[in-house]
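A.B. asks:
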Amino acid sequence: MAYTAADVKKLREKTGAGMMDCKKALDEADGDFAAAEDALRVKGLAAAAKKSSRTAAEGLVGVAVEGAKGVAVEVNSETDFVAKNDQFQDFVRNVTQVALGASADDVEALKQAAYPAGGTVGEALTN
Numbered sequence: 032m033a034y035t036a037a038d039v040k041k042l043r044e045k046t047g048a049g050m051m052d053c054k055k056a057l058d059e060a061d062g063d064f065a066a067a068e069d070a071l072r073v074k075g076l077a078a079a080a081k082k083s084s085r086t087a088a089e090g091l092v093g094v095a096v097e098g099a100k101g102v103a104v105e106v107n108s109e110t111d112f113v114a115k116n117d118q119f120q121d122f123v124r125n126v127t128q129v130a131l132g133a134s135a136d137d138v139e140a141l142k143q144a145a146y147p148a149g150g151t152v153g154e155a156l157t158n
């Protein structure tokens with residue numbers, strides 16, 4: 032199945048992947064948009080797993096208190112540039128609020144909790 036430059040652009044906008052990654056995914060999926068999107072998602076998860084072994088010495092700590100309950104959530108990044116980014120700061124704020132409302136006792140349970148923008152905290156972390 033053939034695809035157009037508009038298809039590559041649409042896939043790039045939807046996934047946030049690079050132009051050449053989108054083109055390659057569409058090539059490998061024979062133009063099937065859904066299959067290309069899935070392939071990019073799997074590739075993104077593999078890249079995230081590879082990066083998870085690196086040292087992340089920067090980051091932020093989110094703190095929230097409601098009544099008698101309080102949480103502190105530490106989210107690390109590899110560079111201070113990321114920690115200063117508005118999108119990263121919003122993520123930390125959102126995860127802190129999710130942790131306050133959830134009954135998660137550890138990181139793995141928190142990753143399974145619903146994220147305000149949709150999906151789970153774990154999915155938002157890898158996007």
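Under the working numbering, the letters of the sequence shown match residues 32 to 158, in that order.
Even glycine gets a Cβ: it sits at the ideal position worked out from N, Cα and C.
(1) What residues are listed by DSSP as bridge partners for asparagine 107?
(2) Checking contacts by CB at 9 Å: is arginine 72 closer than that to chain B?
(3) With DSSP collapsed to three states, give me the class of threonine 35.
(4) Using the three-state DSSP reduction, which class does lysine 100 fall into: helix, strand or coil?
(5) Less than 9 Å between the C-beta atoms of valine 104 and valine 73, yes or no?
(6) Are there three or more Cβ pairs, one per stretch, closer than 8 Å when the stretch 85–104 is compared with the stretch 113–122?
(7) Are cysteine 53 and alanine 37 close, meaning C-beta to C-beta below 9 Å?
(8) Relative to the alpha-carbon of alanine 60, which residue among Gly49, Gly149, Val39, Thr151 has its alpha-carbon at the smallest distance?
(9) Using beta-carbon positions only, say whether proline 147 and glutamine 118 come within less than 9 Å of one another.
(10) Spatial neighbours of alanine 133 within its chain, please: CB distance less than 6 Å, with the 5 preceding and 5 following residues excluded, ordered by chain position.
C.D. replies: Taking the definition as stated:
(1) Here residue 107 refers to the residue found at position 76 when the sequence shown is read from its first residue. Bridge partners of asparagine 107: Gly90.
(2) Here there is only one protein chain, and chain B is not present.
(3) For the purposes of this step, residue 35 is taken as residue 4 along the sequence shown, with counting starting at 1. Three-state DSSP puts threonine 35 in coil, outside helix and strand.
(4) In the sequence shown, residue 100 corresponds to position 69, counting from 1. Strand, per DSSP.
(5) The residue you call residue 104 lines up with position 73 of the sequence shown. The residue you call residue 73 lines up with position 42 of the sequence shown. Going by C-beta atoms, valine 104 is not nearer than 9 Å to valine 73.
(6) yes
(7) As a first step, residue 53 must be located in the sequence shown, where it is residue number 22. As a first step, residue 37 must be located in the sequence shown, where it is residue number 6. No, they are not a contact pair.
(8) Position 29 of the sequence shown, counted from the start, is the residue given in the question as residue 60. For alanine 60, the nearest C-alpha among the options comes from Val39.
(9) As a position in the sequence shown, residue 147 is number 116, starting the count at 1. As a position in the sequence shown, residue 118 is number 87, starting the count at 1. Result no, Cβ atoms of proline 147 and glutamine 118 do not sit closer than 9 Å.
(10) What you label residue 133 is simply residue 102 of the sequence shown in a count that begins at 1. Closer than 6 Å at Cβ, skipping near neighbours: Ala144.
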